[in-house]
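Peer 1: Just passing along the structure, written as C-alpha cells.
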Amino acid sequence: MNTELQAIYSDLLEKHSHQKTFLQTVKEVYESIDGYVTDHDFSDEDYHLIRRMTEPERIISFKVTWTDDEGKRQINTGYRVQFNSALGPYKGGLRFDPSVNEDVLKFLGFEQIFKNSLTGLRLGGGKGGSDFDPRGRSDNEIRSFCRAFILELYRHIGIETDVPAGDIGVGGREIGYMYGMYKEITNRNEGVLTGKDELFGGSCRRTEATGNGVVYFTEALAKANNIEMKGLTAVVSGAGNVASHTAKKLTDFGVKVMTMSDRCGFIFKEDGLTHKDVDTIVEARGNGKNMSEIVINGAVYKEGKPWQQVAADAYFSCATQNEVSGVDARAMIKHAKFIVEGANMPLDDEAVEVVRENKTLFAPGKAANAGGVTVSGIEMAQNAAHYAWSCEEVEAELKKIMGKIHDQCVKYGKDKDGNIDYVNGANIAGFARVFEAMKKLGW
Ligand code: NDP
C-alpha cells in the first residue's frame, strides 16, 4: 500500500494492536484501494477521510442479565458497533457466540459498510451481538436472553437509525423473541429488525437470501469466466443458514455438493447431498446433534475440515471467519475452478494471498454473501410501505442486485490482462460510494 495508507494503517496498528481481526480486514481493504486512490490523486484531506471512515461512529457495550432454567441469574456482554451511517441507517447482523468481542464486531462492521454499499441500497454499516453461547440452551433460556438483550439495545436502534438482523447463532426464532420484546417496550410496530417471520412483517425469502445470493453471484462469475455450473463438484462448509441454502441452491443448478460441516467434522457424500439430506442435517442440528451423529444414506462422517481432504471443482466456505488457512488454500487451488466466500472473511490472510497469487477465481464474502442484507433492505422497504412483496418479486430483485454487484466487481477489478480480481473490485466499488457520500455530507 502507498505511504499515506501505510501511515494510517501504522497508527491503527499502534492504537488497536490487540484487535487482530479488525486490522486484518482493514489491511485487505487498504491494499485493494491503493491503486484507486493513487490514480485519483487523493489529497491529504481525502486520506484523512479514509482514516475517519475506519473509526466506528459509535460502539455500545452493555450488560445482559438473564435467568437460566435453574432460576440462576447469568450475565453476558452485549454490543452494537454503529460503524458508518453515510449511506443510511446502520445495518448488519447480531451474532451470539462465545467468540464475540469488540475486535470481531469491528471487523464485521467494517466489512458490512462496503458490502451494504455494493448493494446500491440506502444502508449504512453496523454489527452487534453477544458472547452468549446459545448451543445447548433451552428455548426458554434463549427467550430469556433475547428479551434481556433487547431491554438495553432497544434504546439505540430505530427504523431510521439502526436496523439489526441475524448472524451466527441468531435465526428467525431469536429475531422473533427480540422483536416481540421491542414491540412490548415501545408499543410500536415498526420493522426495527429484519429476518422477522412473515406473520409480523418479515420478507418472503429472507431466510434463503444469503445462500441463494451466493449462488446467483456464482452463476454470474461462472458465466463471465465461461464455466459451466452444471456437473461441477463442490465442497460446502458450515451447516447453518448460509451453508444450507447455498447447498440447496447449488443442487438446483446441477452442482454436486459433497460436504457440509460443523466445528468438529464434516459429512461427505460423493454422489452429492440432496435437498432432503440438507433438511435432515439442519433438523438434526436444530435438535442439538453434532455432525458425527447424523445418519445420511450414502454418506460418511470425517473429522476435521474438508479443505485438504476433498478435491472439488468449487469451494464454498460458509461457516465462519478464518476457517481456511494458507495450507488449506494450497490444497484447494490444485483442483478449484473457483472459490467463493459465503461466510465473512473465512479465508485467512495467507489463504487469500495463496489464492490470489495463483490467480484462482475468488469471490470475497462482502460481494458474494450480500444477498442477505439485500433482502433485509427489501424487507425494510416493505415495512415502510406496509405492503408485502410476492416471493417471486423478492427473488427476482435479489438475483438482479447480485448480478449488479458482480458487474461492479468486474468494472473495478479487471486488470490490464483481462483478469478479474474480485477482491479489489468489491473493495473499490464499495469504498467509492461511501467515500463520496461522506465527502458530500461534510464528514
Ligand atoms: P449459523 O449460526 O446459522 O451457522 C454457522 C455455522 O458455522 C454452523 O454450522 C457452525 O457450526 C459453524 N461454525 C461456527 N463457528 C465455527 C468455527 N469456529 N469453526 C467451524 N465452524 C464454525 O450462521 P450463518 O449461517 O448465519 O452465518 C455463517 C457465516 O455467514 C458467518 O460468517 C456470517 O457472518 C455470514 N453471513 C451470514 C448472513 C446471514 O444472513 N445469516 C449474511 C451474510 C453473512 P456448529 O454447528 O458447530 O455451531
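Under the working numbering, residues 9 to 451 are what the sequence shown spells out, in order. Don't be surprised by glycine CBs; every beta carbon is placed ideally from N, CA and C.
1. Residue range of the alpha helix (DSSP H) that S18 falls in?
2. List in chain order: all unbroken beta strand (DSSP E) runs of 3+ residues lying wholly within the segment 133-212.
3. Does the distance from the CB of N427 to the CB of S40 come in under 8 Å?
4. Sorted by chain position, which residues of the same chain lie with C-beta nearer than 7 Å to T202's C-beta, five sequence neighbours on each side aside?
5. Tell me, which residues are paired with S8 by DSSP?
6. Any chance the CB of Q317 is under 7 Å from a heavy atom of the ligand NDP?
7. Does the Cβ of D271 lie closer than 7 Å to at least one heavy atom of the ligand NDP?
8. Are the Cβ atoms of H378 and G221 separated by less than 8 Å?
9. DSSP three-state call for Y395: helix, strand or coil?
10. Cα-Cα, which of F370, I167 and D111 is closest to A4?
11. Determine, using beta-carbon pairs with one atom in the segment 72-91 and one in the segment 299-319, whether at least three such pairs fall under 8 Å.
12. Taking the alpha helix (DSSP H) that K422 falls in, what are its first and last residues?
13. Go to E63, then tell me how far its alpha helix (DSSP H) extends in each direction, as first and last residue.
14. Identify which residue in Q390, V243, Y430 and Q32 has its Cα closest to the Cα of A339.
15. Excluding five sequence neighbours on each side, which residues of the same chain lie with their C-beta closer than 6 Å to the C-beta of D105?
16. Kindly confirm or deny that the segment 279-290 and the segment 255-265 touch, where touching means at least three C-beta pairs closer than 8 Å.
17. Under 8 Å between the Cβ atoms of A327 and A351?
18. Measure the Cβ-Cβ separation of T62 and N10 and say whether it is below 8 Å.
19. Quick check: the Cα distance between H343 and E400, rounded to an integer number of angstroms?
20. Who are the near neighbours of T127 in its chain, counting only those whose CB is closer than 8 Å to its CB and skipping five residues on each side?
21. Exposed or buried, V362, counting other C-beta atoms within 10 Å across all chains shown (16 or more means buried)?
22. My understanding is that P97 touches E168, with C-beta atoms under 8 Å, so please give their C-beta distance in whole angstroms.
23. Specify the secondary structure class of T288 as computed by DSSP and reduced to three states.
24. Taking the CB atoms as reference points, tell me whether L5 and Y44 lie closer together than 8 Å.
25. List the residues that DSSP assigns as beta-bridge partners of L355.
26. Is it right to say G294 is buried, meaning 16 or more other beta carbons lie within 10 angstroms of its own, or is it exposed?
27. Straight-line CA distance for S107 to F140?
28. Determine which residues share a DSSP beta bridge with V308 and list them.
29. Once DSSP output is grouped into helix, strand and coil, what is the label at V72?
30. Does the segment 48-62 come close enough to the segment 73-86 that 3 or more CB-CB pairs lie under 8 Å?
31. Count the C-beta pairs between the segment 115-130 and the segment 192-206 that are closer than 8 Å, then say yes if the count reaches three, no if not.
32. Go through its chain and collect everything with a Cβ distance to Q120's Cβ below 6 Å, but skip five positions before and after it.
33. If you reduce the DSSP assignment to three classes, tell me which class N92 lands in.
34. Report, in whole angstroms, the separation of the C-beta atoms of F157 and M186, which I expect to be a contact under 8 Å.
35. Do D205 and the ligand NDP come close, with the Cβ less than 7 Å from some heavy atom?
Peer 2: By the coordinates alone:
1. T11 to K23
2. 133-138 and 170-173
3. no
4. V171, A173, R214, S384, E387 and M388
5. Any question about residue 8 goes unanswered here, given that the chain covers just 9 to 451.
6. no
7. First, the amino acid is wrong: residue 271 is Arg here, not Asp. Yes - the ligand NDP has a heavy atom lying nearer than 7 Å to the Cβ of R271.
8. First, the residue type needs correcting, since residue 378 is Ala and not His in the sequence shown. Contact flag set, yes.
9. coil
10. Any answer about residue 4 is impossible in this case: the structure gives the chain only from 9 up to 451.
11. no
12. Premise fails: K422 is in no alpha helix (DSSP H) and is neither H nor E.
13. No alpha helix (DSSP H) holds E63; DSSP gives it neither H nor E.
14. V243
15. I176 and G177
16. yes
17. yes
18. no
19. 36 Å
20. A378, V381, T382, G385, I409 and I413
21. buried
22. 6 Å
23. helix
24. Here the chain has residues from 9 to 451 only, and residue 5 is not among them.
25. V332
26. exposed
27. 9 Å
28. F276
29. strand
30. no
31. no
32. G100, G133 and K135
33. strand
34. 7 Å
35. no
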